[in-house]
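Sequences listed follow chains P and W, in order. In terms of the numbering used here, the first sequence opens at residue 128 and continues consecutively. In terms of the numbering used here, the second sequence opens at residue 1383 and continues consecutively. Note that the Cβ used here is the ideal one computed from N, Cα and C, for glycine as well. Okay, so here's the structure we're looking at.
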Amino acid sequence: MNIPLPLFVVIPLIVAFLLPIIGSLGGKGKSASTLLANITVLVLLALSILSLGKSDVYQVGKWTIPLGINLVLDGLSVLMLVAVSVVSFAAMLFSVKYMEQYTAKPKYLSLFLLMVAGMNGVVLSGDIFNLFVFLEVASIASYALVGFGCEHEELEASFKYMVLGEIASIFVLFGVALVYGNTGMLNMAYISKSIQQNGMNPGLTFALGLFIAGFGLKAALVPFHAWLPDAHPSAPAPISAMLSGVLIKTLGVYALARIIFNVFGLSLPVAWILLALAMLSMTVGAFLAIGQRDIKRLMAYSSISQVGYIVLGIALGGLIMVKQQNIVLASLAILGGLFHLLNHSVYKSLLFLTSGSIESATGTRDMKKMGGLTQRLPLTRATCTIASASIVGIPPFSGFWSKLILVVAAVQAHFYWIAALIVFVSLCTLIMYLKLQRYVFLGDLPEKFKKIKEHRGTMLASMVFLAVLCVFMGLLVISPTLKAIVLDPAVRVLIGGLRYSKNIITISGM
Amino acid sequence: MLYALCFLLFMIGLYCAVVKKNMVKIVIGIVIMEYAVNLFLIMLGYRTGGQAPIVGQKDIAATGTELTNAFINSSVDPLPQALVLTAIVISLGSLALMISICIRTYEKYGTFDITEIRRLKG
């Protein structure tokens, strides 16, 4: 049985509006709203895992496409849905205790669920204007969440994020308007069909440029990255985990891949532009991260570099597909990119959660002021080390496999310099996480931290949950059955490229 | 011609958002960009001398199900107007949030000048 697709958007949306009402009922209401929010993300997690391996098209209000709006579930959407659900489940579990230090917790939970609803909507949407609407829902919730503390830094970061995010959204809307003007369609499948029949024209090329800039801003690719290192550290830790873990990927990378691969169709210049952006992000992000003293800022810069890896995998696959017509190799590169996306959402959110645990225990984010925390925070140390090992790419942790696939794909396609760059950036990543381990966990324990205690309970549970995932995620590529269920359908969607429109139109029975 | 003017408006907004130092002026720049895009969408569907796309008795052709050619050729495209309504609502939401962040920032820093609001670096 297929799960009705609107549930992914409707459930969090309804609960998001109920939460502040329940929360205003007094002391009992507050804990009830926390419980309800947790149940909601758990339900979403179950639904997304149940829909693995399925594909479905839902026409909203029974209006047939291209007149109505449709929601599309295919391999790539399911992959993103699972990533969103896993990270939001862990972050929500972590928030139960962590958010006690802020006031207005029900409002926080409500914004959190709005963001989840927006991201699920972006992932499922088969309509380009609908995608913009959900993009804005998720973004506006995230602007508010970044500034949730209402202190000096938070407000500044939130404003910066908001200005750049709004400019990105307007670019996307302008692109949508141009596409509508040139093709007369808003449905992605039909836009793609129209482009295939009539070819590109200057208006559509300009729209594609606007989409790359808009979604690139949302994905924080260098040179559009200026907001990320401020916004991600300023947010509360679970929100940093959500932002770095899934938001930049759903709003940025996913939307970019969908628009370029499935709607406009790949061309050589576009693949090169993406590749250039990816390599720039990888190196610049890594170099800037090494110099940081603020623990969350270091992780934020490393996010830029890791998003570079993901886009690199996807762009390399596209390049191989256009230039060498080698589908097998292209699938390998795209598989590496998408697997890295899944991995990164797990270990980067875990890193941000551990940083939250450290911050709430010590009250500082400055690495130079810490030291020897292994004695006081043993389990945080353990999970943080697993995540660091994973992001650096030490076997058998998950990050190793995705980087291995990327290197193998690059070497086989004779892009030796790209393979070299991947390894080099990995080394930079190793340096920054060794630095983190060294300053935070090793060395002498400062006098004032002698009495601090680790948070037990839900905070720890969510960290351990993600750490276990980090260890076993490698199975997704090693075990052929798991690979066939989770990753292969997503790769096929991108490799299939423009066949997307035909599939959607056939499934909808037009 | 009109499209060029619309694009000019968009660029003015972008310039204002990027160059200005005052937070409120940046917000105004963003709003100008939004309006330029909304205007562009409306112009896409507009027809000089067109009529409102509301189907009356006389607009249905003799076959009973089709619309008359006269109606199709003269009516304005209603879809961009629906899109613009949605876009306006969204921009209202983000505008409200932006202004409230501006106000809170002014309470904290006592200034709207972004060159003085610089606690974050690196």
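{"Asked": "Backbone secondary structure at Y235(P) - three-state DSSP", "Found": "helix"}
{"Asked": "Inter-residue CB distance, V136(P) and N314(P) (contact presumed, cutoff 8 Å)", "Found": "No, V136(P) and N314(P) are not in contact; Cβ-Cβ is about 18 Å, not under 8 Å."}
{"Asked": "Proximity winner among V411(P), Q419(P), S484(P) and Y381(P), relative to L258(P) (alpha-carbon distances)", "Found": "Y381(P)"}
{"Asked": "Pick from L446(P), L506(P) and F599(P) that is closest to A537(P), judged by C-alpha positions", "Found": "L446(P)"}
{"Asked": "C-beta neighbour in chain P for E1350(W), strict 8 Å", "Found": "An answer regarding residue 1350(W) cannot be provided, because it is not within the stretch 1383 to 1504 covered by chain W."}
{"Asked": "G229(P) in three-state terms, based on DSSP", "Found": "The amino acid at residue 229(P) is misidentified as Gly; the sequence shows Tyr. Coil, per DSSP."}
{"Asked": "Interface residues of chain P facing Y1491(W) [CB-CB closer than 9 Å]", "Found": "H279, L282 and E283"}
{"Asked": "Chain W residues whose Cβ lies nearer than 9 Å to that of M559(P)", "Found": "None at all; the shortest Cβ gap to chain W is about 14 Å."}
{"Asked": "Identity of the residue in L282(P), P147(P), M207(P) and V250(P) nearest E1489(W) by Cα", "Found": "L282(P)"}
{"Asked": "Limits of the beta strand (DSSP E) - the one that Q186(P) falls within", "Found": "D183 to Q186"}
{"Asked": "Enclosing beta strand (DSSP E) for N102(P) [first to last residue]", "Found": "Given a span of 128 to 637 for chain P in the structure shown, any question on residue 102(P) remains unanswerable."}
{"Asked": "Three-pair Cβ contact test at 8 Å for the segment 192-211 of chain P versus the segment 564-583 of chain P", "Found": "no"}
{"Asked": "Residue from M1415(W), N1451(W), L1461(W) and V1400(W) whose Cα sits closest to the Cα of I1424(W)", "Found": "L1461(W)"}
{"Asked": "Interface flag, I267(P) vs chain W, CB-CB below 8 Å", "Found": "yes"}
{"Asked": "Near-chain P residues of the segment 1398-1424 of chain W (beta-carbon distance less than 7 Å), N- to C-terminal order", "Found": "A1399, M1405, I1408, I1412, M1415, E1416, V1419, F1422 and L1423"}
{"Asked": "Chain-ordered residues of the segment 1468-1481 of chain W with a beta carbon less than 7 Å from chain P", "Found": "T1468, A1469, I1472, G1475, S1476, L1479 and M1480"}
{"Asked": "Whole-angstrom distance between S458(P) and T1497(W), CA atom to CA atom", "Found": "48 Å"}
{"Asked": "I1483(W): contacting residues in chain P (beta-carbon distance under 7 Å)", "Found": "G274, L282, S285, F286 and M289"}
{"Asked": "Proximity of I1408(W) and V290(P) at Cβ, strictly below 8 Å", "Found": "yes"}
{"Asked": "Nearest-angstrom Cβ-Cβ length linking L272(P) and F216(P), presumed shorter than 8 Å", "Found": "At roughly 17 Å, the Cβ-Cβ gap does not stay under 8 Å, so L272(P) and F216(P) are not in contact."}
{"Asked": "V243(P) vs V211(P) beta-carbon contact at 8 Å", "Found": "yes"}
{"Asked": "Interfacial residues, the segment 143-175 of chain P to chain W, with Cβ spacing under 9 Å", "Found": "none"}
{"Asked": "Per DSSP, cross-strand counterpart(s) of I267(P)", "Found": "I267(P) pairs with nothing; no bridge assigned."}
{"Asked": "Option in L152(P), S178(P), D183(P) and P131(P) with minimal Cα separation from I631(P)", "Found": "D183(P)"}
{"Asked": "Exposure of P329(P), with buried meaning 16 or more beta-carbon neighbours within 10 Å", "Found": "exposed"}
{"Asked": "N328(P) in three-state terms, based on DSSP", "Found": "coil"}
{"Asked": "Contact with chain W by A304(P), beta-carbon distance below 8 Å", "Found": "yes"}
{"Asked": "Sheet register partners of S222(P) (DSSP bridge)", "Found": "Its beta-bridge partners do not exist; DSSP assigns none."}
{"Asked": "In chain order, each beta strand (DSSP E) run of at least 3 residues that lies wholly inside the segment 279-331 of chain P", "Found": "none"}
{"Asked": "Whether M327(P) touches P193(P) by CB criterion (8 Å)", "Found": "no"}
{"Asked": "Cβ-based neighbour list, G1504(W), same chain, cut-off 6 Å, excluding 5 preceding and 5 following", "Found": "Note that G1504(W) scores a pLDDT of 47, beneath 50, so its modelled location is shaky; the value from the coordinates is reported in the next line. Result list for G1504(W): empty, nothing under 6 Å."}
{"Asked": "Cα-Cα separation between T1430(W) and F479(P), rounded to whole angstroms", "Found": "56 Å"}
{"Asked": "Residues of its chain near L171(P), where Cβ-Cβ distance is below 6 Å and the 5 sequence neighbours each way are ignored", "Found": "S212"}
{"Asked": "Nearest-angstrom Cβ-Cβ length linking L533(P) and H467(P), presumed shorter than 8 Å", "Found": "7 Å"}
{"Asked": "The segment 337-349 of chain P contacting the segment 288-307 of chain P, beta-carbon criterion three pairs below 8 Å", "Found": "yes"}
{"Asked": "Min CB distance E293(P) to chain W below 8 Å", "Found": "yes"}
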